[in-house]
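Peer 1: Numbering (the numbering used here), first residue to last: 19 to 240.
Here it is: the structure, laid out below.
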Amino acid sequence: MWFTAALLFRNYRLEPEVLDLEAIDVPQVFQQAVQKFLQPLRRPHWLWESERLLINFCRYAVAKRVKELGDCRYEHLLGFWEHRRFHGVSQQRLKHEADILAAFLKFLWQLAGKEGDPLDGENLIEDLEWLDDWFEEILVLVEAESEKEAWQKAEAIGERIAVEYQRDANPNTRWEFVGVLSVQEFLDETLKEGAELFARFLTAKEARKLLRTYRRATSAKR
């Protein structure tokens, strides 16, 4: 008999891309850009905190080999956010920082005389959901004599796929096989075992919902 098995994988970061952000020297041109950006603002109670945030963003960009103001891109902003998230900054705090960071990135482009929008239509708040661990759900085909055997073979396939994912992964990240979410009998026998029928990436919030289903399923099997 043939079965489809839904498998869940998790990808997480082992260490930040920039190990010692505070040790990065900020070039004078970036320091001046921060001061010019903050100068019109009239809220001294959070000015110092904003200055430190923007200087640290510049440190991150420099660590990523950015040399000119106009070379700062949206991916550097996301990387900086991921760095802060890795070090325990809450999503709520990051949401509060979104506007000033986005405005600063646009300001850097203006100073550099670069045309266009560095955000290019991207939504920082939506992308914030992807700063936590990544999950992927895939559907594979399994040949087995029973549903129990299908679960066992699906688990073996999942472990093998995780090893394959890790082989091509960033060395600072880790892929792991979370488990089999479900097994369903499949009547079409034209495909081969292990064939991927479906795949999608999930945010941590979406994956948690699937994990609850997975735990209920595994509890019922014991």
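C-beta atoms are modelled at their ideal positions from N, C-alpha and C, and glycine is treated no differently.
1. Classify I42 as helix, strand or coil using the three-state DSSP reduction.
2. Judging by CA-CA distance, which residue of V36, W169, L112 is the nearest neighbour of G197?
3. Taking 8 angstroms as the threshold (C-beta atoms), are A172 and V181 in contact?
4. Rounded to whole angstroms, what's the CA-CA distance from E35 to A81? Just pull it up for me.
5. Would you report the Cα separation of G131 and E67, rounded to the nearest angstrom?
6. What's the gap between the Cα of E167 and the Cα of I42?
7. How many Å lie between L228 and L199 at the Cα?
8. Just grab the DSSP bridge partners of E218 for me.
9. Taking only three categories from DSSP, how would you classify L149?
10. Measure how close the beta-carbons of A116 and L142 come, nearest whole angstrom, since I'm counting them as under 8 angstroms.
11. Would you call the CB atoms of L87 and E69 closer than 8 angstroms?
12. Which partner residues does E203 have in the DSSP bridge list?
Peer 2: Working from what's here:
1. The residue you call residue 42 lines up with position 24 of the sequence shown. It is coil, neither helix nor strand.
2. Numbered from its first residue, the sequence shown carries residue 197 at position 179. Per the Cα distances, W169.
3. Mapped onto the sequence shown, residue 181 falls at position 163. Mapped onto the sequence shown, residue 172 falls at position 154. No, the Cβ-Cβ distance between V181 and A172 is not below 8 angstroms.
4. The residue you call residue 35 lines up with position 17 of the sequence shown. The residue you call residue 81 lines up with position 63 of the sequence shown. In this structure, the CA atom of E35 is about 9 angstroms from the CA atom of A81.
5. For the purposes of this step, residue 131 is taken as the residue at position 113 of the sequence shown. For the purposes of this step, residue 67 is taken as the residue at position 49 of the sequence shown. The alpha-carbon atoms of G131 and E67 are separated by roughly 27 angstroms.
6. The sequence position of residue 167 within the sequence shown is 149, counting from 1. The sequence position of residue 42 within the sequence shown is 24, counting from 1. Distance between the alpha carbons of E167 and I42: 54 angstroms.
7. In the sequence shown, the residue the question calls residue 228 occupies position 210. In the sequence shown, the residue the question calls residue 199 occupies position 181. One C-alpha to the other measures close to 7 angstroms.
8. For the purposes of this step, residue 218 is taken as the residue at position 200 of the sequence shown. The amino acid at residue 218 is misidentified as Glu; the sequence shows Arg. Bridge partners of R218: E155.
9. Residue mapping note: residue 149 aligns to position 131 of the sequence shown, counting from 1. Of the three classes helix, strand and coil, the one that applies to L149 here is coil, per DSSP.
10. For the purposes of this step, residue 116 is identified with residue 98 of the sequence shown, where counting begins at 1. For the purposes of this step, residue 142 is identified with residue 124 of the sequence shown, where counting begins at 1. With 8 angstroms as the limit, A116 and L142 qualify as a contact, their Cβ atoms being about 4 angstroms apart.
11. As a first step, residue 87 is located in the sequence shown; it is residue number 69 there, counting from the start. As a first step, residue 69 is located in the sequence shown; it is residue number 51 there, counting from the start. In this structure, E69 does not lie closer than 8 angstroms to L87 by Cβ.
12. Locating residue 203 in the sequence shown gives position 185, counting from the first residue. Its beta-bridge partners are F21.
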